[in-house]
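The structure under discussion appears below in the form of structure tokens.
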Amino acid sequence: MDETGVYESIPYRMKLSQGSTYDSFESLFRENWESVNRLLRRMVIDPAEAEDLALETFYRLYKNQHLVKDGFNTRGWLYKVATNLALQSIRSFKRRQHYEIHAGKYALEETPETQPAELFAKNEEQRLAGMALAQMDTNRAGLLVLRHSGLSYKDIAQALDLSPTSIGPLLLRAEHEFEKCYRALTHEEER
Amino acid sequence: MNKHLNNGQLRASLDGELDSDGLTHLKTCAHCQMRQAALRTQTEQVAATLSFLSSPTDTASLSKPSATASAWHRFNQQKLLQKETFMFRKLFASPLIRYGVSIVLILTLILAIPGTRALASEFLNLFRVQRVTVVPVDFTGMQQFNGAVGNDISQLISESITMTHEPGDPVQAKDVNEASQLAGFTVRAPEGITPSQINVMPGAAFTVKVDRAKAQALLNEAGRSDLVLPQEVDGADVSVNIPSSVSIAFGNCPEPSNDSEAAREMERETTTSGSPGRVYKDCVIFAQIPSPEVSAPASLDIAKLAQIGLEFTGMTADEAAQFTSTVDWTSTLIVPIPKNAASYEQIPVDGVTATLIQRPSDDAPQFALLWVKDGIIYTIGGLGTNTQKALEIANSLP
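Chain order of the listed sequences is A and B. Heads up: the first sequence runs through residues 10 to 200, numbered per my numbering. Heads up: the second sequence runs through residues 26 to 423, numbered per my numbering.
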């Protein structure tokens, strides 16, 4: 039992269906938490915001745990939901302000103090990239994030319910749109 | 393959994702190789800009096992408990449930309710509360209360209810004697503890007439066509009479109102005035109410309705049958609590056995102590974890 004494029934309720890669929701959570949280942290920068979104991502899967059976692409599903949540977060005005203000602060906390100039430049690029993604069509931005965070075409196709052969052309379109948004933001910043 | 590769295929080739036919063609086609090189220049720029998405050097602290363990703990604490509590509150904030102390009683009417005692009329069963039983319910599973089905359920309930006696506004009493006169029963107050306010909530009465066809249609719409309402439910008149109640507040407490506490709490959460955990942290309310009376046709199988209600909230048929068979339906008030967001225990208080319910929460833990004595239902509720205060009040009663 958990130390608070009220979670007794959760492990039982979290048993997943037979045929699932994981024997319980807890093992699924433990195996995927780090990568999902890491992806979100890279996208929204603020660690607290990233963790909130990661918790929400897993809660959504918890509510849909009937999906977790043989052949279900857990990582792809989690990445897709996490990416959508992160894009929503960056888009919201309040979060955007927060994102802009804190982008530098959190990166500084994460990196050795010996490289402040490089860090600032890198962080600025990351901030603009996040904002460019948030300005894009959600599906195309999601596709870009999934690909550039390391998912294979097969995993992306499963997560987004697409044909693997369509990923190449869609990626091209998404990259063009990203470039356009990113360039516009860069020009805006320079003015 | 003799046909030149399209741009999409060339893009896939840059990621090593081109199929074998395409690769064979690319190896021998100078035109495609040239287009691939041009495309590479374009995509490399984007890849460099988005390289932070797969950078292995940042966020090293996330890979510690303790970070995952603590995340799992927070997942339980923040998500499961809060969501479940939210559904619990949402249920209680239904338009049906707007009459303060009557919340639990009306809900129990839906879920299956206080038991039966044969009665005065040979056609009616009268329900009176003599004891309290807690039933843990998994409210996270009650997604039926979201969206259109939830609205339909609320509408059906409000269409089924006719108020025969509207509750008036709460009246402040200057002391226990005045409260007793206004409420019509002898109010008990702890000795040696000065209350901050005493309020009398006038009683209310209403009748419920269920349209079985509509109710069954809603169950079907909610995906529970396996739950079949008995025919005798159709048109059955159930009348509920809720006596006046008295609440004695200690510390800084909210003013009483006709809205349910849950509805007000939800409203507070959407405003910026701060959570109740911070605003009313020292508030303890001691409430008392004579047992409401519920009368229903004797033909109504309350145990059967109870079982349907419990299954609707997520219990399996076996669990619901087992629970209903262990409850004394002659006189029991069923109090549903969120399964994973609250714990309960039985303790001796005021010469009887009381139920202490606690809801842990980082922001606003809550507790409630319930018991029934001599036909009066008593509850002591407050924020925080200091249940000693409730016990002190209960054990100071004359």
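Every residue, glycine too, gets a C-beta built ideally from N, C-alpha and C. These numbers come from a predicted model, not from an experiment.
Between the C-alpha atoms of LEU94(A) and ASP55(A), what's the straight-line distance to the nearest angstrom?
Residue numbering aside, residue 94(A) sits at position 85 when the first sequence is read from its first letter. Residue numbering aside, residue 55(A) sits at position 46 when the first sequence is read from its first letter. A straight line joining the alpha-carbon of LEU94(A) with that of ASP55(A) spans about 14 Å.
Rounded to the nearest angstrom, how far is the Cβ of GLN313(B) from that of SER270(B), given a contact under 8 Å?
To locate residue 313(B), count along the second sequence from 1; it is residue 288. To locate residue 270(B), count along the second sequence from 1; it is residue 245. Contact between GLN313(B) and SER270(B) is confirmed by a C-beta separation of about 7 Å, below the 8 Å threshold.
CYS308(B) to ALA274(B) span [Cα, whole Å]:
Along the second sequence, read from residue 1 onward, the residue named residue 308(B) stands at position 283. Along the second sequence, read from residue 1 onward, the residue named residue 274(B) stands at position 249. When the Cα atoms are used, CYS308(B) and ALA274(B) turn out to be separated by approximately 7 Å.
N-terminal and C-terminal residue of the alpha helix (DSSP H) that LEU408(B) is part of:
The count along the second sequence starts at 1 and reaches residue 408(B) at position 383. Where LEU408(B) is concerned, there is no enclosing alpha helix (DSSP H), although the beta strand (DSSP E) around it starts and stops at 401 to 408.
Cβ shell of LEU155(A) (< 8 Å), same chain only, five flanking positions each side left out
Walking along the first sequence from the start, residue 155(A) turns up at place 146. Cβ neighbours of LEU155(A) beyond the five flanking positions: GLY85, TYR88, LYS89, THR92, ASP164, ILE165, ALA168 and LEU169.
Reducing DSSP to helix, strand and coil, say where PHE392(B) ends up.
For the purposes of this step, residue 392(B) is taken as residue 367 along the second sequence, with counting starting at 1. In this structure, PHE392(B) counts as strand in the three-state DSSP scheme.
Exposed unless 16 or more other CB atoms sit within 10 angstroms - verdict on ASN41(A):
Taking the first residue of the first sequence as 1, we reach residue 41(A) at position 32. Under this definition ASN41(A) is a buried residue.
At a CB-CB cut-off below 7 Å, which residues of chain A make contact with LEU33(B)?
For the purposes of this step, residue 33(B) is taken as the residue at position 8 of the second sequence. Before going on, a small fix: residue 33(B) reads as Gly here, not Leu. Scanning chain A for C-beta atoms nearer than 7 Å to the C-beta of GLY33(B) yields GLY177, PRO178 and LEU181, reported in chain order.
Expressed to the nearest angstrom, what Euclidean distance is found between the alpha-carbon atoms of GLN61(B) and LEU153(A)?
The residue you call residue 61(B) lines up with position 36 of the second sequence. The residue you call residue 153(A) lines up with position 144 of the first sequence. When rounded, the separation of the alpha-carbon atoms in GLN61(B) and LEU153(A) is 19 Å.
So, does the CB of SER45(B) fall closer than 7 Å to a CB anywhere in chain A?
Here residue 45(B) is taken as the residue at index 20 of the second sequence, counted from 1. Interface criterion not met: the Cβ of SER45(B) is under 7 Å from no Cβ in chain A.
Taking 7 Å as the CB-CB cut-off, is GLU42(B) touching chain A?
Position 17 of the second sequence holds residue 42(B). For GLU42(B), the answer is yes, since a Cβ of chain A falls inside 7 Å of its Cβ.
Kindly indicate which residue of PRO227(B), ASP200(B) and VAL225(B) has the alpha-carbon position closest to the one of GLU216(B).
Along the second sequence, read from residue 1 onward, the residue named residue 216(B) stands at position 191. The candidate whose alpha carbon is nearest that of GLU216(B) is ASP200(B).
Ordered along the chain, which non-local residues of its own chain (more than five positions away) have a Cβ less than 7 Å from that of GLU191(B)?
Working through the second sequence from its first residue, we reach residue 191(B) at position 166. Residues ALA229 of the same chain have their beta carbon placed closer than 7 Å to that of GLU191(B), with the five preceding and five following residues left out of the count.
Roughly how many angstroms lie between the CA atoms of ARG47(A) and LEU64(A), to the nearest whole one?
The residue labelled residue 47(A) in the question sits at position 38 within the first sequence. The residue labelled residue 64(A) in the question sits at position 55 within the first sequence. Taking the Cα positions, ARG47(A) is about 12 Å away from LEU64(A).
Listed by chain order, chain B residues near GLN144(A) by CB distance under 9 Å
Here the question's residue 144(A) lines up with position 135 in the first sequence. Residues of chain B whose Cβ lies closer than 9 Å to the Cβ of GLN144(A) do not exist; the shortest such Cβ separation is about 14 Å.
Should GLU184(A) be labelled buried (16 or more other beta-carbon atoms within 10 Å of its own) or exposed?
The count along the first sequence starts at 1 and reaches residue 184(A) at position 175. With 16 or more other Cβ atoms from the protein chains shown falling within 10 Å of its own Cβ, GLU184(A) counts as buried.
7 Å is my cut-off, CB to CB: does GLN97(A) come that close to chain B?
The residue labelled residue 97(A) in the question sits at position 88 within the first sequence. It does not: the Cβ of GLN97(A) has no partner Cβ on chain B nearer than 7 Å.
Which runs of the alpha helix (DSSP H) at least 4 residues long sit entirely within the region 308 to 352 of chain B? Give them in chain order.
DSSP runs (the alpha helix (DSSP H)) wholly in the region 308 to 352 of chain B: 327 to 337 and 342 to 351.
What first and last residue would you give for the alpha helix (DSSP H) that runs through LEU416(B)?
Translated into positions along the second sequence, residue 416(B) becomes position 391. Unbroken alpha helix (DSSP H) run through LEU416(B): 413 to 419.
The alpha helix (DSSP H) that contains GLU43(A), what's its start and end?
Counting from one through the first sequence, the residue named residue 43(A) turns up at place 34. Secondary structure note for GLU43(A): its alpha helix (DSSP H) is the uninterrupted segment 34 to 53.
Starting from the beta carbon of TRP97(B), find every residue of chain A whose beta carbon is closer than 9 Å, and list them in chain order.
Working through the second sequence from its first residue, we reach residue 97(B) at position 72. Close to TRP97(B), with beta-carbon spacing below 9 Å, are these residues of chain A in chain order: GLU35, PHE38, ARG39 and TRP42.
Cα-Cα separation, ILE182(B) to ASP326(B):
Start at 1 with the first residue of the second sequence, and residue 182(B) comes out as number 157. Start at 1 with the first residue of the second sequence, and residue 326(B) comes out as number 301. Straight-line Cα distance between these residues: approximately 20 Å.
HIS56(B): first and last residue of the uninterrupted alpha helix (DSSP H) it sits in
In the second sequence, residue 56(B) corresponds to position 31, counting from 1. Element bounds for HIS56(B): 55 to 74.
Going by DSSP, what residues sit across from ALA274(B) in a beta bridge?
Reading the second sequence from its first residue, position 249 is the one you call residue 274(B). Answer is GLN222(B) and ILE310(B).
Less than 7 Å separating the beta-carbons of ALA208(B) and ILE223(B)?
Here residue 208(B) corresponds to residue number 183 of the second sequence, with the count starting at 1. Here residue 223(B) corresponds to residue number 198 of the second sequence, with the count starting at 1. Not closer than 7 Å, so no.
Would you mind giving the Cβ-Cβ distance between VAL53(A) and SER101(A), rounded to the nearest angstrom? I have them listed as a contact below 8 Å.
Here residue 53(A) is taken as the residue at index 44 of the first sequence, counted from 1. Here residue 101(A) is taken as the residue at index 92 of the first sequence, counted from 1. The pair is not a contact, with the Cβ atoms about 11 Å apart (cut-off 8 Å).
Between which residues of its own chain and CYS190(A) is the CB-CB distance below 7 Å, once the five residues before and five after are set aside?
Sequence index remark: in the first sequence, residue 190(A) carries index 181 (1-based). Close CB contacts of CYS190(A) within its chain, under the 7 Å cut and outside five residues either way in sequence, are with ALA141, GLN144 and MET145 (chain order).
Rounded distance between the beta-carbons of ARG149(A) and ARG182(A), thought under 8 Å
Indexing the first sequence from 1 puts residue 182(A) at position 173. Indexing the first sequence from 1 puts residue 149(A) at position 140. Yes, ARG182(A) and ARG149(A) are in contact; Cβ-Cβ is about 6 Å, under 8 Å.
Going along the chain, which residues of the region 61 to 74 of chain A sit with their C-beta nearer than 8 Å to a C-beta in chain B?
Result list: ALA63, LEU64, GLU65, PHE67, TYR68, TYR71 and LYS72.
Between LEU75(B) and HIS157(A), how many whole angstroms is the CB-CB distance? I'm expecting something under 8 Å.
Taking the first residue of the second sequence as 1, we reach residue 75(B) at position 50. Taking the first residue of the first sequence as 1, we reach residue 157(A) at position 148. Approximately 4 Å separates the beta-carbon atoms of LEU75(B) and HIS157(A); this is inside 8 Å, confirming the contact.
Close beta carbons around GLN197(B), own chain, < 6 Å, minus the five adjacent residues each side:
The residue you call residue 197(B) lines up with position 172 of the second sequence. So the list reads ASN224, once near-sequence residues are dropped.
For LYS398(B), which residues in the same chain have their Cβ closer than 8 Å to its Cβ, ignoring the five residues on either side in sequence?
Position 373 of the second sequence, counted from the first residue, corresponds to residue 398(B). ASP375, GLY376 and VAL377, listed in sequence order.
DSSP beta-bridge partners of LEU381(B):
On the second sequence, position 356 is the one that residue 381(B) refers to. Answer by DSSP bridge pairing, in chain order: GLU370(B) and LEU394(B).
Would you say GLU184(A) lies against chain B (beta-carbon separation less than 7 Å)?
Position 175 of the first sequence, counting from 1, holds the residue named residue 184(A). Taking 7 Å as the CB threshold, GLU184(A) lines the interface with chain B.
If you compare alpha carbons, which of ALA379(B), GLN256(B) and PRO227(B) is closest to ALA238(B)?
Walking along the second sequence from the start, residue 238(B) turns up at place 213. Measuring from the Cα of ALA238(B), the nearest candidate turns out to be GLN256(B).
Going by C-alpha distance, which of HIS98(B), ASN245(B), LYS28(B) and GLN413(B) is nearest ALA55(B)?
Within the second sequence, the letter at position 30 stands for residue 55(B). In terms of CA proximity to ALA55(B), LYS28(B) leads the group HIS98(B), ASN245(B), LYS28(B) and GLN413(B).
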